[in-house]
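> Quick one: the structure is below, and I'll ask about it shortly.
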Amino acid sequence: MNAITPASTGPSQSIVSRFAVPAIRCAGCISKIENGLNGAPGILSSRVNFSTKQVAITHLPEWDDDQLKRKIENLGFEAQILADNPLAEEKGSTDKLIRALAVAGFGMMNIMLLSVSVWSGATGVTRDLFHWLSALIAIPVIAYAGRPFFTSAAMALRYGRTNMDVPISIGILLATGLSLYETATGGAHAYFDGAVMLLFFLLAGRVLDGMMRDRAREGIGALLKQTAPGAMVIGNDRKTTWVAARDLQPDMQMMVAAGGNLAADGVIISGSSSFDCSLMTGESEPQPRGKGDLVLAGTLNLSSPVVVRITATGEDTSVSDITRLMDEAGQRRSFYVRVADRAARFYAPVVHSLALLAFVYWMFAGAGWHQSLLIAVAVLIITCPCALGLAVPAAQVVAAGALLRNGVMVKDGSALERLSEVDYALFDKTGTLTLGHPIPMNLDDLSLAQKQITLALGQASRHPISKGIRSGLLALDIEPAALDDIQEIPGEGMTARWGHVNVMLGKPERSEDHLSSQLSVGTDMVVLQLKDEIRPDAAEAIAELHALGLSSSIISGDNIRSVSLVSRTLNIFAQASASPQDKVEAITRLTDSGHKVLMVGDGLNDGPALAAAHVSIAPGSASDVGQQAADAVFTSESLMPVALSIKVARRTMQIVHQNFALAIGYNIFAVPLALTGMVTPLIAAIAMPLSSLIVVGNALRLNGAAK
Amino acid sequence: MSGLAILIPVALLMGLCGLVFFFWAMRNDQFDDLDGAAQRVLIDEEDEQP
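Residue numbers (my numbering), protein chains in the order written: chain A, 0 to 706; chain B, 72 to 121.
Below is the structure:
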């Protein structure tokens, strides 16, 4: 989990731990966290990454992750322990592309300098010398920077398919080979600059695509909460120790505090409590569980501490069934072909046959094989698929950037393409149409003083009910009261003294069938009711989707009573008590009848459905599994981003199609020139960047698309 | 003409230097936190250390 790196300064081994701290907003936060941590003994260094909202701490083994987390929280920032960056490998591939781009850029500029002097009239020895110099620069540059294309083309050819890398590779290799021959025989035309420039533009497209993916994944990585990175395990000597989730073993006894997540499946051996299983089953109401009952990993213990004997850990938990379902469901989507590759299916054969035809025609016309080959290469170079290689990613990156500013993180370009095609929306209920966390319903029953006391007590607790009450009160601009002796009594609630009066916020005396909390001030008692509310503008969002031509319905694992309540409010159809398997089947049914389904869901139980749908979106409050499986994540409370992302995706595809039209128009103009042998390296060097700039400029118009 | 024999290698060498420097910067995570770099200039250094 934690990378152990040899210490360069410390005497013993130092450990790097990483934390997500979403609340870092300004320079003040950076210095507060770094100065606060750096002073402590045992912490060697700490570094805030502002872009990813993460803190990396290099420390001695005497600190563990949990202590460090508390240390950051004492500085006033909520923190989450991050596992070692699972996305490091993905990022490595973009880094490789950026290096290739830098090398291609270096080569392009130097070769262009030499080429300019050739075009401006250098002849004889000078021209030959410059051609040789160009070759000397171009060959290693093409060998290095062309690898991403060559490997991908070779892969496609091996499986008997063709993608856009095939014409690119053939064009570049042919142009380089012919230019080398020209150079060796002292010919007039060398296309080294054209070949390297082509690489540069296409790599720029790949880099944009990769950066967009990385940015979204980093954002999502910062959101990922570890449901329970471990548990307090009761040892033989009755002492409790912290054990990380991966080290848990069956038959260990773990203590689960109120407000804590379960790290493994198990059976309760002492205590009883209510559990929030919404992440697993979609059921929103707390489930009472007592001694001898089975509780599952990923559920949240709500009311009182229990001791659980572990029956299954890690891969063996009930979560793994869902993972298996997800793998199966995801198969279908891997057959999706991106628009650029779909275009390449037509583009590549046309370009290749054009070049071949030109070669054959000029051979018959008696131009000689050398002249004919030059013309064929000119055709290949001039028809460079820049619209496919650069325009599509450029449009998608700009659109994804615009969406990101509106709180939607799209994982990759193919997600945008698929989003633009959907015509049916399926919603999960708990956590998706509803907020997924309890909201106090009757705050008006409290007097101002009572509100202030409630806030002060609620602030001190991490229980989900307290969090709900706290956010409800903070929204009313309430100032917390000054309390003394604030204490948390596990399973009961928070107590404190307000002046001379004892106050308490905790379990109501009379148990309700839904979430509630009781405030007592002296002898006065008020019961606060909490409910999981429908997202504020869910109805508007669904109306907007309808206007975009999408019908919507609900599919939920919750019982029929709570589902019908939501479905009646929003006036859409619903299917209740659906298992993860049922959800996948519903999507398969819709897909078979010709619909392209958008799935919006958050829970672990939605994972397979999110993977099975044509495209999927999850709210930022979703489970890790939900966020991993979804194609896009939105962070706001409102549901409007779902409609917005579909609008932007459709606009993006419009621009992409325009770019294709532009590229075809450019080819209609340029290809005849190439076919008649009028394209020299100079004309190619002007026409290629011009066409690229036009399509990129068109893509930039998407910048305001998300307004 | 003879100037070229010096100027071209010099130009190439300087370009290569830039490339090597860029690779070095990437390897040392200089581009990891671009927004953070913009914020850090605003931090007032407090004279805690002598």
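Here a beta-carbon is modelled for each residue, glycine too, at the ideal position from N, C-alpha and C. Note that the structure is a prediction, hence the values are computed from the model and not measured.
Please list, in chain order, the chain A residues whose beta carbon lies closer than 8 Å to that of residue 110(B).
Translated into positions along the second sequence, residue 110(B) becomes position 39. Those within 8 Å of residue 110(B) in chain A are 25, 26, 29, 49.
> Using three-state DSSP, classify residue 613(A) as helix, strand or coil.
Here residue 613(A) refers to the residue found at position 614 when the first sequence is read from its first residue. Residue state, collapsed to three classes: coil.
> Inspect the beta-carbon positions of residue 482(A) and residue 455(A) and report whether they are closer than 7 Å.
As a first step, residue 482(A) is located in the first sequence; it is residue number 483 there, counting from the start. As a first step, residue 455(A) is located in the first sequence; it is residue number 456 there, counting from the start. Result yes, Cβ atoms of residue 482(A) and residue 455(A) sit closer than 7 Å.
> Please list, in chain order, the chain A residues whose beta carbon lies closer than 9 Å to that of residue 97(B).
Position 26 of the second sequence, counted from the start, is the residue given in the question as residue 97(B). Result: 94, 97, 98, 101.
> What is the rounded straight-line gap between the Cα of residue 712(A) and the Cα of residue 324(A)?
Given that chain A is displayed from residue 0 to residue 706, the structure contains no residue 712(A) and the question cannot be resolved.
> Is there at least one Cβ from chain B nearer than 7 Å to residue 501(A)'s Cβ?
Taking the first sequence and counting its residues from 1, one reaches residue 501(A) at position 502. With 7 Å as the cut-off, residue 501(A) does not count as an interface residue toward chain B.
> Which one of 681(A), 703(A), 701(A) has the shortest CA to CA distance from residue 112(A)?
Sequence index remark: in the first sequence, residue 112(A) carries index 113 (1-based). Cα-wise, what sits closest to residue 112(A) is 681(A).
> Assuming residue 155(A) contacts residue 165(A) (C-beta within less than 8 Å), just tell me the rounded distance between them.
Here the question's residue 155(A) lines up with position 156 in the first sequence. Here the question's residue 165(A) lines up with position 166 in the first sequence. Contact holds; Cβ gap of about 6 Å.
> Starting from the Cα of residue 696(A), find the closest Cα among 676(A), 662(A), 675(A), 667(A) and give me that residue.
What you label residue 696(A) is simply residue 697 of the first sequence in a count that begins at 1. Out of 676(A), 662(A), 675(A), 667(A), 662(A) has the C-alpha closest to the C-alpha of residue 696(A).
> At 8 Å on the CB atoms, spell out the chain B contacts of residue 108(A), in chain order.
Within the first sequence, residue 108(A) is the residue found at index 109, counting from 1. 86, listed in chain order.
> Check whether the Cβ of residue 105(A) lies closer than 7 Å to any Cβ atom in chain B.
To locate residue 105(A), count along the first sequence from 1; it is residue 106. By this cut-off, residue 105(A) is an interface position.
> Using a cut-off of 9 Å between C-beta atoms, extract the partners of residue 77(B) located in chain A.
To locate residue 77(B), count along the second sequence from 1; it is residue 6. Result: empty, since nearest Cβ-Cβ is about 14 Å, beyond 9 Å.
> Could you have a look at residue 162(A) and say whether DSSP puts it in helix, strand or coil?
Locating residue 162(A) in the first sequence gives position 163, where the first residue counts as 1. Of the three classes helix, strand and coil, the one that applies to residue 162(A) here is coil, per DSSP.
> Closer than 7 Å, CB to CB, is residue 100(B) near chain A or not?
Here residue 100(B) corresponds to residue number 29 of the second sequence, with the count starting at 1. It does not: the Cβ of residue 100(B) has no partner Cβ on chain A nearer than 7 Å.
> Between residue 74(B) and chain A, is there a C-beta pair that is closer than 7 Å?
Residue 74(B) sits at position 3 when you count from the first residue of the second sequence. Output row for residue 74(B): interface = no.
> Do you know offhand how far residue 113(B)'s Cα is from residue 36(A)'s?
As a working note, residue 113(B) is residue 42 in the second sequence. As a working note, residue 36(A) is residue 37 in the first sequence. Going from the Cα of residue 113(B) to the Cα of residue 36(A) covers about 19 Å.
> Can you check the segment 401-482 of chain A for any beta strand (DSSP E) of at least 3 residues that lies completely inside it and give the ranges in chain order?
For the segment 401-482 of chain A, whole beta strand (DSSP E) runs of length 3 or above, ordered along the chain, are 407-409, 423-426, 433-439.
> Quick check on residue 290(A): buried or exposed, where buried means 16 or more other Cβ atoms within 10 Å of its Cβ?
Counting from 1 along the first sequence, the entry for residue 290(A) is found at position 291. It counts as exposed.
> Using a cut-off of 8 Å between C-beta atoms, extract the partners of residue 94(B) located in chain A.
Here residue 94(B) corresponds to residue number 23 of the second sequence, with the count starting at 1. 98, 101, listed in chain order.
> Under 7 Å, CB to CB, which of the residues in the segment 125-137 of chain A have a partner in chain B?
Listed in sequence order: 132.
> Counting C-beta neighbours from all protein chains within 10 Å, is the total for residue 88(B) 16 or more, i.e. buried, or is it exposed?
By one-based count along the second sequence, residue 88(B) stands at place 17. Residue 88(B) comes out exposed.
> Short check: CB of residue 722(A) to CB of residue 101(B), under 7 Å?
The displayed coordinates of chain A run from 0 to 706. Any statement about residue 722(A) would go beyond what the structure contains.
> Pair every Cβ in the segment 426-446 of chain A with every Cβ in the segment 550-566 of chain A, then say whether three or more of these pairs are closer than 8 Å.
Contact holds: three or more Cβ-Cβ distances are below 8 Å.
> Jot down the residue ranges of each uninterrupted alpha helix (DSSP H) in the segment 237-300 of chain A, minimum 4 residues, whole runs only, in chain order.
For the segment 237-300 of chain A, whole alpha helix (DSSP H) runs of length 4 or above, ordered along the chain, are 277-280.
> Please list the terminal residues of the continuous beta strand (DSSP E) segment that includes residue 16(A).
Reading the first sequence from its first residue, position 17 is the one you call residue 16(A). Here the beta strand (DSSP E) through residue 16(A) covers 13-19.
> Reducing DSSP to helix, strand and coil, say where residue 229(A) ends up.
Residue 229(A) sits at position 230 when you count from the first residue of the first sequence. The answer is strand: DSSP assigns residue 229(A) an E or B state.
> Taking the Cβ atom as the reference point for each residue, do residue 628(A) and residue 593(A) lie within a distance shorter than 7 Å?
Indexing the first sequence from 1 puts residue 628(A) at position 629. Indexing the first sequence from 1 puts residue 593(A) at position 594. Going by C-beta atoms, residue 628(A) is not nearer than 7 Å to residue 593(A).
> For residue 679(A), which residues does DSSP report across the bridge?
In the first sequence, the residue the question calls residue 679(A) occupies position 680. In the DSSP output, where bridge partners are listed per residue, residue 679(A) has none listed.
> Does the Cβ of residue 764(A) have 16 or more other Cβ atoms within 10 Å, making it buried, or fewer, making it exposed?
Absent from the structure is residue 764(A), since the part of chain A shown begins at 0 and ends at 706.
> Residue 654(A) and residue 631(A) - do their beta-carbons sit closer together than 7 Å?
On the first sequence, residue 631(A) is found 632 positions in, with the first residue counted as 1. On the first sequence, residue 654(A) is found 655 positions in, with the first residue counted as 1. Not closer than 7 Å, so no.
> Going by the CB atoms, is the gap between residue 492(A) and residue 504(A) shorter than 7 Å?
Walking along the first sequence from the start, residue 504(A) turns up at place 505. Walking along the first sequence from the start, residue 492(A) turns up at place 493. Going by C-beta atoms, residue 504(A) is nearer than 7 Å to residue 492(A).
> Taking the continuous alpha helix (DSSP H) assigned at residue 352(A), which residues delimit it?
Counted from its first residue, the first sequence places residue 352(A) at position 353. From DSSP, the alpha helix (DSSP H) with residue 352(A) extends over 338-363.
> Could you give the DSSP three-state label for residue 589(A): helix, strand or coil?
Locating residue 589(A) in the first sequence gives position 590, where the first residue counts as 1. If DSSP states are grouped into helix, strand and coil, residue 589(A) belongs with the helices.
> Exposed or buried, residue 392(A), counting other C-beta atoms within 10 Å across all chains shown (16 or more means buried)?
The residue you call residue 392(A) lines up with position 393 of the first sequence. Label assigned to residue 392(A): buried.
> Once DSSP output is grouped into helix, strand and coil, what is the label at residue 739(A)?
Look at the range of chain A in this structure, 0 to 706, and you will see that residue 739(A) is not part of it.
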